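Note sheet for the following structure.
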Amino acid sequence: MFPPDFAWGAATSAYQIEGGWQADGKGPSIWDTFSHEKGRVFGDQNGDVACNSYELWEKDLECIQQLGLTHYRLSLSWARLLPDGTTRHVNQKGVQYYNKVIDDLLASNVSPMVTLYHFDLPQALQDQGGWKSPGIASLFDSYAQFCFQTFGDRVKLWITINEPQVCAKVGHEDGIHAPGLKEKGTAAYLVGHNMLRAHAAAWHSYNSLYRPEQKGAVSLALNSDWYEPLNQGCTEDIAAAERDLAFTLGWFAWPVFVTGDYPEIMRSAINTQSKKLGYNGACRLPSFSNDDPAVLGTADFFALNYYTSRKVKPGGGCEQMLCMKADQDAEEVLDSSWPISGVSWLAVVPDGLRKLLKYIKDTFNDPAVLITENGFSQVGPLQIEDAQRSVHYKDTISEVAKAIHEDGVNVRGYFAWSLMDNFEWADGFSVRFGLFHVDFADSKRTRTLYQSGRDYAKIISKYKSGQSKLE
Ligand code: GBH
């Protein structure tokens with residue numbers, strides 16, 4: 002059983018589905034720039050057209066209706082609305098596009114959850130330093146306020162930033178995502194810091210200026226694997242797993258939900274490693290300033306993206322380098338009993354989600370939780386009858402039910418990633434996460450329901466009525 006008002010959703014993001022990268026006055030984003038550079042994305046693919054949702058929104062809506070979703074999570078392209086990133090110039094065509102999406106959803110009795118930022122910074126702002134520049138916080142706040150003002154009469158669920166950990170680390174330390182920087186050991190912490198400042202500014206704006214009338218809820222979506230010690234009884238492994246949780250989830254969740262500052266485990270690990278190499282840790286992981294709006298308390302619910310789990314022990318290499326990996330000092334291994342999905346990083350561990358949910362309840366003061374992403378990828382030969390993915394969804398949703406009923410976690414919704422196959426960042430179109438298949442060789446970008454989509458729809462219809470138990 003799930004609560005009668007449980008949100009049953011699916012998620013997408015603008016750059017991954019929309020295409021129309023130059024349509025109707027849209028400005029370029031860092032993913033346009035990045036994917037047009039040679040060697041960045043699998044097969045040098047890009048999101049110029051992607052699922053062409055900019056032109057084919059009605060097709061997406063049909064997919065949403067076919068699944069019987071109660072909620073649809075989409076992101077707005079900042080550069081489609083504000084081509085140079087600032088409110089100096091508003092692209093009305095972009096506003097019209099999202100107005101139609103939102104109105105159509107509501108007319109179909111589907112609630113929109115809107116993410117303001119899902120990896121796609123306007124290039125014009127990157128040119129001024131992007132997320133490394135402190136000024137980004139107030140630019141983001143202006144963009145957020147513009148969105149609250151324009152769409153907030155109808156949108157009641159907001160995510161400011163999706164996965165700041167990924168933007169910071171994968172984009173600025175690993176260089177695998179846009180903007181493709183490999184500034185080891187410094188940039189990621191600065192970017193994470195500015196993302197928290199930006200998020201907090203936007204939450205405070207909503208809270209004081211828009212909430213009284215619009216009565217919605219605002220949070221940020223945090224990704225985390227479930228990390229557990231390789232050897233349950235080993236103190237070093239336990240500490241390594243705690244470090245991984247601190248550096249992934251705690252990095253953002255601690256400031257917002259617990260103390261207003263970074264986890265002590267994280268700060269001391271960075272200080273220790275910095276000292277070893279002759280640096281000052283305090284110059285790497287910034288401190289929050291009293292001049293900024295407080296970060297503590299700036300989430301109305303806990304938004305979690307969960308995909309996989311890891312077993313952890315100390316190590317991981319690069320001890321002599323100034324880099325996050327060395328600070329983290331945690332080597333991650335996969336349990337041989339965990340099946341691997343279509344991408345190497347995604348081992349299928351449904352009960353890891355239950356454990357992570359319990360951890361969140363205990364650590365972050367029993368918040369209302371929305372699982373804003375969870376999914377399973379397929380690679381290689383296309384299989385429309387994707388039984389393995391069906392099993393993944395069924396098992397995962399049953400773990401969510403256990404978290405609610407046996408562990409008392411206040412889970413309020415579940416969003417599958419993703420509504421349809423789309424541009425999977427550096428993996429291009431080679432990795433498929435959809436409940437619908439999209440034929441990228443076909444100019445019509447035909448959408449076809451996978452077996453897993455059919456089965457997810459059955460689960461939804463069973464529980465939406467709130468009548469039966471998961472067998
Ligand atoms: C989500 O991130 C994203 O929000 C979504 O846009 C994306 O489509 C979805 O996952 C599926 O990937 O290449 O070995 O360095 C999930 C967290 C963090 C998982 C980065 C993959 C890269 C591993 N992701 N990680 S690797």
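For the sequence shown, the residue numbers in my numbering are 2 to 472.
We treat Cβ as the ideally placed atom computed from N, Cα and C, and that holds for glycine.
Computed from a predicted model, the values in this text were never measured in an experiment.
Between 415, 358, 349, which has its C-alpha nearest residue 373's C-alpha?
When only C-alpha atoms are compared, the closest one is 415.
Check whether the region 164-174 touches the region 261-270, taking contact to mean three or more Cβ pairs, one atom from each stretch, closer than 8 Å.
As far as the Cβ criterion goes, the region 164-174 does not touch the region 261-270, which means the pair count is below three.
Can you check the region 83-126 for any beta strand (DSSP E) of at least 3 residues that lies completely inside it and give the ranges in chain order?
Here the runs fully enclosed are 112-118.
Report yes or no: is there a C-beta of chain D within less than 7 Å of the C-beta of residue 446?
The question asks about chain D, but that chain is absent: this structure has only one protein chain.
Give a yes or no on whether the C-beta atoms belonging to residue 506 and residue 113 are separated by under 7 Å.
Lying outside 2 to 472, the shown extent of the chain, residue 506 is not represented and no answer is given.
Extract the residue ranges of the alpha helix (DSSP H) inside the region 324-365, only unbroken runs of 4 or more that lie entirely within it.
DSSP runs (the alpha helix (DSSP H)) wholly in the region 324-365: 325-329, 351-364.
Assign residue 470 to one of two classes, buried (16 or more other C-beta atoms within 10 Å of its C-beta) or exposed (fewer than that).
Here the model assigns residue 470 a pLDDT of 47, short of 50, so the residue's position is not dependable, and the following value carries that caveat. Exposed, by the Cβ-count rule.
Of the residues 313, 167, 381, 195, which one's Cα is nearest the Cα of residue 307?
Looking at the Cα atoms, 167 is the closest of the given residues.
Would DSSP call residue 281 helix, strand or coil?
In this structure, residue 281 counts as coil in the three-state DSSP scheme.
Would you list, in sequence order, the uninterrupted beta strand (DSSP E) runs of no fewer than 3 residues that lie entirely inside the region 396-456?
DSSP runs (the beta strand (DSSP E)) wholly in the region 396-456: 412-418, 437-439, 448-450.
Taking C-beta to C-beta, are residue 314 and residue 238 nearer than 7 Å?
Cβ distance < 7 Å, so residue 314 and residue 238 count as in contact.
Using a Cβ-Cβ cutoff of less than 7 Å, which residues in the same chain neighbour residue 111 once the five nearest sequence positions on both sides are dropped?
If we look at residue 111 and ignore the five residues flanking it on each side, its Cβ neighbours are 65, 70, 71, 72, 73.
Please state whether DSSP places residue 41 in a helix, a strand or coil.
In this structure, residue 41 counts as coil in the three-state DSSP scheme.
For a test of the three-state rule: what should DSSP assign to residue 56, helix, strand or coil?
Reduced to three states, the DSSP call for residue 56 is helix.
Under a three-way DSSP split, which group does residue 72 fall into?
The answer is strand: DSSP assigns residue 72 an E or B state.
Between the region 454-467 and the region 205-218, do three or more beta carbon pairs fall short of 8 Å?
Contact fails: fewer than three Cβ-Cβ distances are below 8 Å.
Write down the C-beta distance between residue 434 and residue 425 rounded to the nearest angstrom, noting that I regard them as a contact closer than 8 Å.
That belief holds up - the Cβ atoms of residue 434 and residue 425 are roughly 7 Å apart, short of 8 Å.
Tell me, which residues are paired with residue 384 by DSSP?
DSSP output for residue 384 lists no bridge partner at all.
According to DSSP, simplified to helix, strand and coil, what is residue 231?
Of the three classes helix, strand and coil, the one that applies to residue 231 here is coil, per DSSP.
Would the beta-carbon of residue 157 fall within 7 Å of that of residue 217?
Yes, they are a contact pair.
Quick one: using the 10 Å Cβ neighbour count with 16 as the cut-off for buried, is residue 236 buried or exposed?
So residue 236 counts as exposed.
What do you get for residue 340, buried or exposed, if any count of 16 or more other CB atoms within 10 angstroms of its CB means buried?
Residue 340 comes out exposed.
Taking all protein chains shown into account, decide if residue 295 is buried (16 or more other Cβ within 10 angstroms of its Cβ) or exposed.
Label assigned to residue 295: exposed.
Can you tell me where the alpha helix (DSSP H) holding residue 140 begins and where it ends?
Run containing residue 140: 137-152, per the alpha helix (DSSP H) assignment.
Ordered along the chain, which non-local residues of its own chain (more than five positions away) have a Cβ less than 8 Å from that of residue 35?
Answer for residue 35: 41, 42, 178, 179, 180, 181, listed in chain order.
Taking 6 Å as the cut-off, is the beta-carbon of residue 1 closer than that to any non-hydrogen atom of the ligand GBH?
Because the chain in this structure spans residues 2 to 472, residue 1 falls outside the shown range and cannot be described.
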